[in-house]
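**Student:**
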Amino acid sequence: MSPFLRRLIPTTVLLSLLAVASCGDSQGTALRSAFLKELAGDVALPAYRDFDTRTEALAGALAALEATPTEAALTQARSAWREARAAWLRQEAFRIGPAEEQHTSASANQVPSTTGIDSLLTEGTELTETFVAEQGANRKGLLAIEYLLFDAAATEEGTAGMRRRTYLKQLGTLLHKDATVVRTAWEPEQGNYVAQLSNAGNEGSAYATQKEAVDTVVNRLIASVEVAEQKLSKPLGFETGGTVRPELEEARRSDNSLKDLENAVVGMERVWLGANGNGGLSKVVAASNKQVDETVRGDLAAVRSALEAIPPPLRTALTNDRESVETARAALATLRATLASEVVSNLGVTLKFNDNDGD
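In our numbering, the protein residues as written are 17 to 375.
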């Protein structure tokens with residue numbers, strides 16, 4: 017407050033104003049603290065546990081497919097992949113800390129080098145777990161598994177079919193190991209990253225201030241919306257003059273792209289609304305500006321509604337119902353703009369550069 021205003025306002029009124037401001041600061045700190053604790057313990061940790069469990073099931077299904085390459089085993093493996101994929105996308109909006117620091121995110125979801133994978137399969141090198149682990153990120157992860165699994169050759173007989181299934185088994189094992197590493201890093205009785213995030217600003221936390229933690233979370237949320245937006249923009253041809261590019265659809269081999277986006281929105285909702293729909297960043301923002309909270313809620317609902325309106329699969333909707341896909345892309349763009357402007361302003365967040373690396 018300026019000295020001029022101090023002279024105009026009576027001392028008793030000034031003290032009242034300062035008390036209100038102090039309470040406001042105290043309330044804001046408490047709300048942010050509650051949000052970070054909820055995000056860490058009730059949102060992130062269960063999500064990482066779920067992904068660990070789903071990848072374990074996937075690894076088992078891929079091992080079973082190698083041992084018995086039947087249509088039933090293939091169906092089970094594909095179902096297990098979809099479940100693991102869903103668990104992965106649901107953590108997109110709050111994937112911070114260990115997954116990024118240990119670079120497991122990139123290896124779990126890199127766009128695959130199909131030529132690189134094919135070359136490995138045609139070589140005579142034994143496909144041991146160690147050998148596969150040494151390969152680049154674009155030869156591993158969920159999308160590499162999709163490339164091999166959602167193909168008629170997944171159950172073919174002979175050496176080629178066996179090598180494909182062996183490679184799949186090793187990919188499943190490695191993916192599960194990565195998931196376990198990250199889950200362990202978050203576990204309270206082990207790496208305890210839950211406490212690192214919950215106690216931001218306190219001694220021993222990876223975050224020197226509470227603001228630093230909130231900044232990280234909000235920036236990650238915005239990045240996840242941008243990633244989702246690009247998953248529609250690229251195949252729509254927004255970056256290539258408007259010509260539809262179906263080969264740029266991320267999960268096209270499994271026709272899982274729309275489910276991917278819907279699961280990503282689940283993660284966004286958990287950050288904003290909390291684990292049970294009555295907390296999250298919503299509670300923090302609404303305390304000072306209910307309109308901003310209502311705007312974000314409306315934007316999230318619009319994104320979900322627009323995605324549900326796209327007739328599956330995405331590869332045909334890109335051409336046959338382009339308008340519905342563009343509507344969903346626009347809804348994501350609106351949500352991103354609201355977060356990057358109104359929410360950032362409301363929370364005093366420092367925006368960081370985002371290159372969407374590894375997504």
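Glycine included, each C-beta is placed from N, C-alpha and C at the ideal position. Note that this is a predicted model, so its numbers are computed, not measured.
If you measure from the CB of Leu351, is any heavy atom of the ligand PLP nearer than 7 Å?
**Tutor:** Although the ligand PLP was asked about, the structure shown includes no ligands whatsoever.
**Student:** Using the Cα positions of Glu263 and Thr354, report the straight-line distance between them to the nearest angstrom.
**Tutor:** Within the sequence shown, numbered from 1, the residue matching residue 263 stands at position 247. Within the sequence shown, numbered from 1, the residue matching residue 354 stands at position 338. Taking the straight line joining both Cα atoms gives about 30 Å.
**Student:** Give the C-beta separation of Val319 and Leu351 to the nearest angstrom, bearing in mind that I take them to be a contact with Cβ-Cβ under 8 Å.
**Tutor:** Within the sequence shown, the letter at position 303 stands for residue 319. Within the sequence shown, the letter at position 335 stands for residue 351. With a Cβ gap of about 6 Å, Val319 and Leu351 count as contacting.
**Student:** Taking the C-alpha atoms as reference points, what is the distance between Ala103 and Val282?
**Tutor:** Within the sequence shown, the letter at position 87 stands for residue 103. Within the sequence shown, the letter at position 266 stands for residue 282. Rounded to whole angstroms, Ala103 to Val282 spans 10 Å at the Cα level.
**Student:** Alpha carbon to alpha carbon, what distance is there between Ala291 and Gly157?
**Tutor:** Counting from one through the sequence shown, the residue named residue 157 turns up at place 141. Counting from one through the sequence shown, the residue named residue 291 turns up at place 275. The straight-line gap from Cα to Cα measures roughly 28 Å.
**Student:** Between Arg155 and Pro327, what straight-line distance do the alpha-carbon atoms span, to the nearest angstrom?
**Tutor:** The count along the sequence shown starts at 1 and reaches residue 155 at position 139. The count along the sequence shown starts at 1 and reaches residue 327 at position 311. Near 31 Å, if we compare the C-alpha coordinates of Pro327 and Arg155.
**Student:** Going by Cα to Cα distance, which pick from Glu266, Thr131, Leu297 and Gln92 is closest to Thr232?
**Tutor:** As a first step, residue 232 must be located in the sequence shown, where it is residue number 216. For the residues Glu266, Thr131, Leu297 and Gln92, the minimum Cα distance to Thr232 belongs to Leu297.
**Student:** According to DSSP, is Thr366 helix, strand or coil?
**Tutor:** Residue mapping note: residue 366 aligns to position 350 of the sequence shown, counting from 1. Reduced to three states, the DSSP call for Thr366 is coil.
**Student:** Helix, strand or coil for Thr354, going by three-state DSSP, please let me know.
**Tutor:** Working through the sequence shown from its first residue, we reach residue 354 at position 338. Thr354: helix per DSSP, three-state reduction.
**Student:** Leu34: buried (16+ other C-beta within 10 angstroms of its C-beta) or exposed?
**Tutor:** Here residue 34 is taken as the residue at index 18 of the sequence shown, counted from 1. In this prediction, Leu34 scores a pLDDT of 34, lower than 50, which makes its location untrustworthy; the coordinate-derived value is nonetheless stated afterwards. The residue is exposed, with fewer than 16 neighbouring Cβ atoms inside 10 Å.
**Student:** If I follow the unbroken alpha helix (DSSP H) through Phe67, where does it start and stop?
**Tutor:** The sequence position of residue 67 within the sequence shown is 51, counting from 1. It spans Leu61 to Ala83 - the alpha helix (DSSP H) in which Phe67 sits, taken as one unbroken run.
**Student:** In this structure, does DSSP put His119 in helix, strand or coil?
**Tutor:** By one-based count along the sequence shown, residue 119 stands at place 103. Coil, per DSSP.
**Student:** Check whether the Cβ atoms of Ala100 and Arg65 lie closer than 8 Å to each other.
**Tutor:** Taking the sequence shown and counting its residues from 1, one reaches residue 100 at position 84. Taking the sequence shown and counting its residues from 1, one reaches residue 65 at position 49. No; because the gap between Cβ atoms is not below 8 Å, this pair is not in contact.
**Student:** Round the Cβ separation of Gln206 and Ala222 to the nearest angstrom and send it over; I've been treating them as touching at under 8 Å.
**Tutor:** The residue labelled residue 206 in the question sits at position 190 within the sequence shown. The residue labelled residue 222 in the question sits at position 206 within the sequence shown. With 8 Å as the limit, Gln206 and Ala222 do not qualify as a contact, their Cβ atoms being about 15 Å apart.
**Student:** Give every residue of the same chain whose Cβ lies closer than 6 Å to the Cβ of Thr120, excluding the five residues on either side of it in the sequence, and list them in chain order.
**Tutor:** One-based indexing of the sequence shown puts residue 120 at position 104. Asp194 and Val198, listed in sequence order.
**Student:** Would a C-beta distance cut-off of 8 Å place Arg268 and Arg338 closer than the cut-off?
**Tutor:** Translated into the one-based positions of the sequence shown, residue 268 becomes position 252. Translated into the one-based positions of the sequence shown, residue 338 becomes position 322. No, they are not a contact pair.
**Student:** Taking contact to mean at least 3 C-beta pairs separated by less than 8 Å, is the segment 178-187 in contact with the segment 74-82?
**Tutor:** At 8 Å Cβ cutoff, the stretches touch.
**Student:** State the Cα-Cα distance for the pair Leu143 and Thr171, rounded to the nearest angstrom.
**Tutor:** Indexing the sequence shown from 1 puts residue 143 at position 127. Indexing the sequence shown from 1 puts residue 171 at position 155. For Leu143 and Thr171, the distance between alpha carbons rounds to 18 Å.
**Student:** Any contact of the segment 47-61 with the segment 107-118, i.e. 3+ C-beta pairs under 8 Å?
**Tutor:** Yes, the segment 47-61 is in contact with the segment 107-118.
**Student:** Could you check what DSSP says for Gly174 in three-state terms: helix, strand or coil?
**Tutor:** Translated into the one-based positions of the sequence shown, residue 174 becomes position 158. Helix, per DSSP.
**Student:** What distance in whole Å lies between the Cβ atoms of Ser214 and Leu52, which are believed to be in contact at a cut-off of 8 Å?
**Tutor:** Here residue 52 is taken as the residue at index 36 of the sequence shown, counted from 1. Here residue 214 is taken as the residue at index 198 of the sequence shown, counted from 1. With 8 Å as the limit, Leu52 and Ser214 qualify as a contact, their Cβ atoms being about 6 Å apart.
**Student:** What alpha helix (DSSP H) runs, 4 residues minimum, are completely inside the segment 202-261?
**Tutor:** Correct list: 209-214 and 226-252.
**Student:** Could you check if Gly295 is buried or exposed, using at least 16 other CB atoms within 10 Å of its CB as the buried criterion?
**Tutor:** Sequence index remark: in the sequence shown, residue 295 carries index 279 (1-based). When all chains shown are included, Gly295 counts as buried.
**Student:** Can you grab the Cα-Cα spacing for the pair Ser249 / Thr343, in whole Å?
**Tutor:** Translated into the one-based positions of the sequence shown, residue 249 becomes position 233. Translated into the one-based positions of the sequence shown, residue 343 becomes position 327. Going from the Cα of Ser249 to the Cα of Thr343 covers about 11 Å.
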